[in-house]
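Down below is the structure, laid out as structure tokens.
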Amino acid sequence: MYLHSKDYSLRYSDVDFRDFLRPSALLSVMQESACLSADELGFGYKDLMPKNIGFILSNWYVEMYRPIKLNEVVTVHTWPVKPKHLIVMRDFEMFVGEEKVGVGTSRWCLINLADFSLLPSSVVFDGVSAEYNDFRSTQFSSWKIPRVVSQKPDYIKYVSYSDYDHYNHANNTRYADFLMDAFSVDELKDKWVSAFRISYVKQCKYGEKLEFYKCKAEDGSWIVEGRVGDEVRVQFNVVFANL
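Residue numbers (our numbering): 9 to 251.
The structure is reproduced here in structure tokens:
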């Protein structure tokens with residue numbers, strides 16, 4: 009069974025005001041592991057760029073069993089799931105020592121980098137010999153996030169240099185910071201993030217003004233929506249647990 013494993017020592021810049029690993033920093037190490045795994049399997053950045061093909065993320069789902077804390081070493085396990093027509097899935101497990109502290113799954117799409125049009129997974133994976141695991145880290149499959157009805161933004165962000173990646177759009181991990189910034193420090197001081205999911209609707213470019221709106225869902229979780237004008241660009245659903 010194929011499994012990519014890598015240890016990450018957490019830095020001071022990876023944690024929040026309570027010394028808990030920030031969701032964006034967690035996504036960063038998960039993305040790093042995903043990229044290293046793809047390199048190993050022959051469909052990484054260096055393999056696809058000469059063909060003008062790339063991966064973009066469609067969705068994240070992460071579930072944590074406890075906060076990951078400053079000075080801990082988190083081990084990320086990841087492996088690909090057999091691709092479907094337009095969706096390439098990848099699962100994750102996170103450990104601190106022998107303790108499993110979280111799981112995650114993600115959905116990716118292949119794109120033509122010339123015009124960002126979607127490509128079928130067969131363009132890459134029919135030519136790659138890879139072992140796909142039947143084992144899933146989580147059975148989560150509820151990707152649809154309800155709309156937020158509020159018309160008053162809770163946070164406003166302009167996409168800038170520090171948000172940009174080599175695809176010339178805001179990197180997927182940065183949205184976790186944008187979305188968490190819709191909550192005040194006072195709202196977060198006695199809570200930690202036990203689960204979250206992100207749906208990327210449309211890429212955001214440099215200089216665009218993102219307005220974020222939030223509301224509480226019937227199940228007690230929170231929904232946050234990022235819009236440019238009236239157009240939804242990103243959705244976020246987060247479950248907080250009390251300290």
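Every residue, glycine too, gets a C-beta built ideally from N, C-alpha and C.
Rounded C-alpha distance that separates V263 from E226: Only positions 9 to 251 of the chain appear in this structure, which leaves residue 263 out of reach.
Neighbour-count burial assignment, K165, 16 or more Cβ in a 10 Å radius: buried
Whole-angstrom distance between S202 and D173, CA atom to CA atom: 28 Å
For P91 and F133, the rounded distance between their alpha carbons: 8 Å
Beta-carbon proximity list for F186, same chain, < 7 Å, skipping 5 on both sides: K165, L218, F220 and G234
Contact the stretch 62-78 vs the stretch 106-120: 3+ CB pairs below 8 Å: yes
Nearest-angstrom Cα separation, counted from T83 out to T113: 16 Å
C43 - containing alpha helix (DSSP H), residue span: P31 to L49
Residue span of the beta strand (DSSP E) that contains S130, given as start and end: That residue, S130, is in no beta strand (DSSP E); its alpha helix (DSSP H) goes S130 to F133.
CB contact flag (T209, V167, <8 Å): What sits at residue 209 in the sequence shown is Val, not Thr. Going by C-beta atoms, V209 is not nearer than 8 Å to V167.
Simplified DSSP assignment, three categories, for L187: helix
C-alpha gap between F204 and G52, whole angstroms: 26 Å
Contacting residues, own chain, Cβ-Cβ under 6 Å from V96 (five flanking each side not counted): W116 and S129
First and last residue of the uninterrupted alpha helix (DSSP H) at Y53: Y53 to L56
For L218, the first and last residue of its enclosing beta strand (DSSP E): K217 to K224
Residues of its chain near V131, where Cβ-Cβ distance is below 8 Å and the 5 sequence neighbours each way are ignored: I61 and L118
Host alpha helix (DSSP H) of V157 (start-end): First-last for V157: undefined, no H or E at that position.
beta-carbon K108 near the ligand GTP non-hydrogen atom, thresh 7 Å: For the ligand GTP, the structure offers nothing, since it holds no ligand at all.
Cβ contact check for the stretch 152-161 and the stretch 36-45: 3 or more pairs under 8 Å: no
Spatial distance of L121 from S45 (CA atoms): 21 Å
Per-residue DSSP class, three states only, for S170: helix
For V96, the first and last residue of its enclosing beta strand (DSSP E): V96 to V104
Coil, strand or helix - Y10 by DSSP: coil
Rounded C-alpha distance that separates S207 from N79: 30 Å
L126 versus K59: straight-line alpha-carbon distance, rounded: 14 Å
S207 - DSSP class collapsed to helix/strand/coil: strand
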